[in-house]
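Protein chains in written order, with the working numbering: chain E, 87 to 199; chain D, -18 to 71.
Notes to accompany the following structure.
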Amino acid sequence: MSRILDHPILGSLDNRERISFRFDGVTYEAYKNETIAAALLANGIRKLRVHEDSGTPRGIYCNIGHCLECRVTVNNQKNVRACLTTVEKDMIVESGKQHPNIVRGMVEKQWLM
Amino acid sequence: MPNKESIVICRCEEVTYGQLLSTANEHKCTARELKLRTRAGMGFCSGRTCRLTLDRIIESVIPNVSSSKIPLKYQPPIRPVTFGTVGENQ
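Rendered as structure tokens:
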């Protein structure tokens, strides 16, 4: 994944300030005023979370804050939209994980018995 | 392109086009009933992404149905907010 080196509005990439942040325990580099989703995409990461129930991967979908598909945990604040939140220095971002489904577990046990 | 039936319409509750279409064909119901039967539109984004598709599926399955008859509701809060936002804690 690469970035636009010379943007007509944002200017040259060389002139922009670099910051580092963490995503799932790994440190990545971002540019200031970039969104979390954009910074991760530039670092080659497209999977931002998994579906809470089924565990299938999710990433950027609408990228305008409408669909809430890109929600991540930012500095322990849950359900933050990665596509709207600008990345800050030393920000700790965690991807969304699959939740245990107690009812399904019980149903499956019943079927096995 | 993958099979049309396997396209996910409601991404929050992971409901596919095939599931919605077979439910609509089986029950010949309103968009609201389709929502309640499949959970499409009941997820985190509260149907902001799939609402129109649900209406269109019902319109295609049942001719002459007006989606305004028993519509999918719009109700506050319009977008998901934390309890902290509506309570005292920010």
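Glycine included, each C-beta is placed from N, C-alpha and C at the ideal position.
On a predicted model such as this, the values are computed, not experimentally measured, just so you know.
Note on geometry: alpha-carbon atoms of E/L126 and D/N45 lie some 47 angstroms from one another. If you ignore the 5 residues before and after E/G145, its C-beta comes within less than 6 angstroms of the C-beta of R132, K133 and L134, all in its own chain and listed in chain order. For the segment 15 to 30 of chain D, the set of positions with a beta-carbon nearer than 7 angstroms to some beta-carbon of chain E reads F25, C26, R29 and T30 in chain order. For the segment 141 to 199 of chain E, the full-length beta strand (DSSP E) segments reaching 3 residues or more read 157 to 160, 163 to 167 and 178 to 180 along the chain. E/A116 and E/D100 have their alpha carbons spaced roughly 13 angstroms apart.
When E/F107, E/E120 and E/E138 are compared, the shortest CA-CA separation from E/N161 is found for E/F107. With respect to D/R18, D/H8 sits close: the two C-beta atoms are nearer than 8 angstroms.
The continuous alpha helix (DSSP H) containing D/T34 extends over residues R32 to V42. In the structure shown, the three-state DSSP call for E/F107 is strand.
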